[in-house]
Amino acid sequence: MTHLARSERDAFCDTLLAVGPGAPTLCSPWSAADLAAHVVVRDRRPDLAPGIWLPPLAQRLEDGQAAYAARPFPELVDLVRSGPPVWSPARLAPVDDLVNFVELFIHHEDVLRGDEQRGPRRVLSDRESRALWGSLSRLARVFFRRSPVGVVLRTPDGRSIHAHGTTELGTVVLQGRPEELLLTAYGRRRVAEVEVTGGSEPVAALWDAPLGLA
Numbered sequence: 001m002t003h004l005a006r007s008e009r010d011a012f013c014d015t016l017l018a019v020g021p022g023a024p025t026l027c028s029p030w031s032a033a034d035l036a037a038h039v040v041v042r043d044r045r046p047d048l049a050p051g052i053w054l055p056p057l058a059q060r061l062e063d064g065q066a067a068y069a070a071r072p073f074p075e076l077v078d079l080v081r082s083g084p085p086v087w088s089p090a091r092l093a094p095v096d097d098l099v100n101f102v103e104l105f106i107h108h109e110d111v112l113r114g115d116e117q118r119g120p121r122r123v124l125s126d127r128e129s130r131a132l133w134g135s136l137s138r139l140a141r142v143f144f145r146r147s148p149v150g151v152v153l154r155t156p157d158g159r160s161i162h163a164h165g166t167t168e169l170g171t172v173v174l175q176g177r178p179e180e181l182l183l184t185a186y187g188r189r190r191v192a193e194v195e196v197t198g199g200s201e202p203v204a205a206l207w208d209a210p211l212g213l214a
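In full-length UniProt numbering, the protein residues as written are 1 to 214.
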């Protein structure tokens with residue numbers, strides 16, 4: 001069976017090499033090199049992770065990431081491709097798929113859609129799509145926990161997730177393929193191919209709300 005995170009990592013690295021270090025990403029102002037450095041830090045430098053949440057340590061995280069981003073780009077991409085170090089539990093395929101597949105997918109799309117144009121650039125396998133839907137099913141209530149309106153996520157083939165209960169403002173339905181709904185949940189709605197229904201006021205309230213994992 002395909003190791004999803006490994007396949008996605010290799011595809012991500014191939015894209016990085018194709019677009020080059022200065023290519024734009026959806027994580028502006030980060031370039032492709034900055035995003036690659038972020039992945040390397042995530043894989044290899046757990047000691048820097050507290051800088052994400054603790055402002056006094058943020059500069060140390062930024063410095064560590066900048067040091068990786070300054071490396072020759074092929075060397076940096078090789079570090080991304082090699083994945084977690086031997087001491088990491090993520091070297092095990094099931095753990096890697098659980099903790100890294102979605103992260104790599106999102107950042108791969110950050111590069112592929114870095115031109116800010118809406119819609120997909122590739123076709124995913126059924127297994128990849130199922131894995132993304134499974135992740136969305138587990139995390140949907142977390143993503144939309146601060147929504148002021150009800151939220152239903154729906155695929156074209158009729159699967160649905162009630163991500164947030166209805167409120168006095170009503171309910172918004174987001175319909176699209178699992179990968180497009182996941183991108184929306186991760187704050188990439190401007191490039192996600194999703195059909196939105198529910199009325200102008202509820203939709204505006206949803207988009208104004210702080211969504212995502214933060």
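Where a beta carbon is used, it is the ideal one built from N, C-alpha and C, also for glycine.
Option nearest residue i by Cα separation, candidates the options
i           : options                           : result
Thr167      : Val152, Glu179, Arg159 and Leu16  : Val152
Ala192      : Ala23, Arg118 and Leu61           : Arg118
His107      : Pro55, Ala11 and Leu136           : Ala11
Arg127      : Glu179, Gln175 and Arg146         : Glu179
residue 289 : Gly212, Val77, Arg122 and Gly134  : Limits of the chain in this structure are 1 at one end and 214 at the other, which puts residue 289 out of reach.
Arg130      : Arg177, Tyr186, Asp115 and Leu139 : Arg177
Ser160      : Arg145, Leu136 and Asp43          : Leu136
Beta-bridge pairing of residue i - partner residues as DSSP gives them
i      : result
Pro24  : Ser31
Arg154 : Ser160 and Gln175
Cβ shell of residue i (< 6 Å), same chain only, five flanking positions each side left out
i      : result
Asp157 : none
Arg81  : Cys13
Ala93  : His3
Leu79  : Val40
Arg91  : Pro84
Gln175 : Arg154 and Glu195
Start-to-end residues for the alpha helix (DSSP H) that takes in residue i
i      : result
His108 : Ala93 to Leu112
Asp115 : Unbroken run through Asp115: none, as it is neither H nor E.
Val77  : Phe73 to Ser82
Ala205 : Ser200 to Asp208
His68  : Checking the sequence, you will find Tyr at residue 68 rather than His. Element bounds for Tyr68: Pro55 to Ala69.
Gly212 : Run containing Gly212: none; DSSP gives neither H nor E here.
Asp141 : Correcting the residue identity first, residue 141 is Arg in this sequence and not Asp. Taken as a continuous stretch (DSSP letters only), the alpha helix (DSSP H) holding Arg141 covers Asp126 to Phe143.
Pro147 : Reading off the sequence shown, one finds Ser at residue 147, where the question assumed Pro. Run containing Ser147: none; DSSP gives neither H nor E here.
Asp10  : Leu4 to Val19
Range of the contiguous beta strand (DSSP E) that encloses residue i
i      : result
Thr167 : Where Thr167 is concerned, there is no enclosing beta strand (DSSP E), given that its DSSP letter is neither H nor E.
Glu195 : Glu195 to Thr197
Cutoff 8 Å; reference residue i; Cβ partners in own chain excluding five residues on either side
i      : result
Thr171 : Val149, Gly150, Val151, Val152, Gly198 and Pro202
Arg188 : Leu26, Ile106, Glu109, Asp110 and Arg113
Trp207 : Arg189
Neighbourhood of residue i by C-beta, 7 Å cutoff - its chain only, sequence neighbours within 5 removed
i      : result
Val41  : Leu48, Gly64, Gln65 and Tyr68
Ala5   : Asp96, Asp97, Asn100, Phe101 and Leu104
Ala205 : Pro148, Val149 and Leu169
Arg121 : Leu112 and Arg113
Any chain C beta carbon closer than 8 Å to residue i
i      : result
Tyr186 : Among the chains of the structure shown, chain C does not appear; only one protein chain is present.
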